[in-house]
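What follows is a set of notes on a single structure, which appears directly below.
Protein chains: 2
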Amino acid sequence: MARPRGYDRDTVLDKAMSMFWRLGYEGAHLAALVEHTGLNRFSLYKEFGGKAGLYEAALDRFLGYLLGQYRDILTVQPQGLENIEAVLRSLQYGSEYYGCFMINTLTQRDSVPPGAYDRAVAGAGEIEALYRANLAGALARGQIAAASDIAGLGKMLQTLDQGLHIQGLAGTTDAQKDAIITAAMAGLQAR
Amino acid sequence: MARPRGYDRDTVLDKAMSMFWRLGYEGAHLAALVEHTGLNRFSLYKEFGGKAGLYEAALDRFLGYLLGQYRDILTVQPQGLENIEAVLRSLQYGSEYYGCFMINTLTQRDSVPPGAYDRAVAGAGEIEALYRANLAGALARGQIAAASDIAGLGKMLQTLDQGLHIQGLAGTTDAQKDAIITAAMAGLQAR
DNA sequence: CCATTTACAGACCGATCATTCTAAAATTCC
DNA sequence: GGAATTTTAGAATGATCGGTCTGTAAATGG
């Protein structure tokens, strides 16, 4: 017994994510958000509580996508270097955005809502754990040297991963990112 | 025959850099900049032309620092893996800031003045060239495999470098960054 | 010690910010 | 089809934005 809403929540979040991603928290003005998302001001406050809530919800949606993708690839059995290479390569294609919304949130720590920063840190932690699990698998299967430092390598892979998200910002092409990944994987193999 | 200025240009730029760094271009409000830098509004416009000019000048100063550090270490003769490891380790200590101002400028491309983005891209290009020169030296000295892809490895090192600047944002300690670098260098050695 | 020059502190400006409110439009239940 | 309910569009709101202007303080040259 009410007027149906004229917007789709997920569509709104995707648009908002895109804007926050490119413009940052402060750079994405409410007027622009209202115009592009199709969600009117009043409903924005009713649904998300305000700009900060919209940002956190958009980040949640992004992290849902991102972590889903990581989980899908990095839990394939048996875990090992194949999964690691696959996930690195999967990240390099098809993004219409700039860099990575999670990383942008980390770099803009003092401007984004505190809750958003906390979620980004938690997301990064989960990704690191997934890398470590696959390194452990690689070790068990003899793919990497027996003396390998799993923790160090796990963080190294995540570092490379994060760096790849930055690379594109200064014009690095997909082909060049492929070469980066190939070079990095070559260094990982047992010798 | 005039009143002497009550501020030091370099000190002002250091303070402004710190604020833009942490808060982003839009997040660093003019009132806060005026308060923290000690430079009053009027002089800010006379000296830098406005907020955008101040940002670009602060980025220039940062890039001067950063590129100077890279040049100092990466032009030591003979060039090779020692320089690369030295520069990676040098980046991990003593920063009171969050991440890297150059990378922040790249990630906030659509919010910072266009001139700032262009300078950041140019800076990244110079750093990559320095890495490549040392990889060429390493190849000539037999430190890395003869079949190595210098261009790919150069971008890979820069990717790792950029990732290291991100790592600290989510709580990675200096000791952990050391382990990351050790793991990465192990993969580079000729075998 | 006065004239000149420059920097200073702070008031002022229109524009725009995030947020709140008001009233009309749209849908469902009865 | 009328009452109830919810969304809509858009007009206020006070605060604050970046930028400009005005008058005063501080220094030097003569």
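Protein chains in written order, with this note's numbering: chain A, 1 to 191; chain B, 192 to 382.
Even for Gly, the Cβ is constructed at its ideal location relative to N, Cα and C.
Remember, predicted model here, so these are calculated numbers, not experimental data.
By the rule that beta-carbons nearer than 9 Å mark a contact, D110/A touches chain B. The shortest C-alpha to C-alpha distance from L66/A to any of N40/A, Y45/A, E35/A and A122/A is the one to A122/A. Contact between the region 75-90 of chain A and the region 38-46 of chain A is absent, with fewer than three C-beta pairs closer than 8 Å. Not a single CB atom of chain A sits nearer than 9 Å to the CB of N274/B. Along the region 341-371 of chain B, the alpha helix (DSSP H) occurs as fully enclosed runs of 4 or more residues at 341-358, listed in sequence order. Per DSSP, the continuous alpha helix (DSSP H) segment holding T107/A begins and ends at F101 to T107.
What N104/A touches in chain B, judged by beta-carbon distance under 7 Å, is T298, going in chain order.
Beta-carbon to beta-carbon, E26/A and E276/B are separated by about 39 Å, too far to satisfy the 8 Å threshold.
Not a single C-beta of chain B is nearer than 9 Å to the C-beta of V87/A. Along the region 330-346 of chain B, the positions whose C-beta sits under 7 Å from a C-beta of chain A are D340, A342, G343, L344 and K346, read in chain order. From the listed residues Q349/B, D205/B and M208/B, the smallest Cα separation to T172/A is found for Q349/B. A straight line joining the alpha-carbon of A337/B with that of L330/B spans about 6 Å. The beta carbon of E217/B falls within 9 Å of a beta carbon belonging to chain A, placing the residue at that interface. Q283/B sits in coil when the DSSP states are folded into three classes, being neither helix nor strand. Taking all protein chains shown into account, A248/B has 16 or more neighbouring C-beta atoms within 10 Å of its C-beta and is therefore buried. In the three-state reduction of the DSSP assignment, Y45/A falls in the helix class, which pools H, G and I. Sequence-distant partners of M208/B (beyond 5 residues in either direction) whose C-beta falls short of 7 Å from its own C-beta, in its chain, are A249, R252, F253 and F292. Interface criterion not met: the Cβ of Q283/B is under 9 Å from no Cβ in chain A. When DSSP states are grouped into helix, strand and coil, L30/A belongs to the helix group.
Closest option to T266/B, judged by alpha-carbon separation, among Y198/B, R323/B and N295/B: R323/B. CA-CA distance, A28/A to Y98/A, rounds to 15 Å. T296/B sits buried, since 16 or more C-beta atoms from the chains shown fall within 10 Å of its C-beta. Close to Y98/A, with beta-carbon spacing below 8 Å, are these residues of chain B in chain order: T298, R300 and D301. Using a CB distance below 8 Å, the part of the region 113-132 of chain A facing chain B consists of A120, V121, A124 and G125, ordered along the chain. Note on geometry: alpha-carbon atoms of G343/B and A311/B lie some 21 Å from one another. Residue burial is scored here from C-beta neighbours: R213/B has at least 16 other C-beta atoms within 10 angstroms and is therefore classed as buried.
If you draw a straight line from the Cα of D8/A to the Cα of T182/A, it is about 41 Å long. In the structure shown, D14/A adopts helical secondary structure according to DSSP, grouped into three states. Within the region 295-340 of chain B, the runs of alpha helix (DSSP H) at least 4 residues long that lie entirely inside it are, in chain order, 305-331.
Ranked by Cα distance from A52/A, the options A179/A, V112/A, L160/A and A32/A are led by V112/A.
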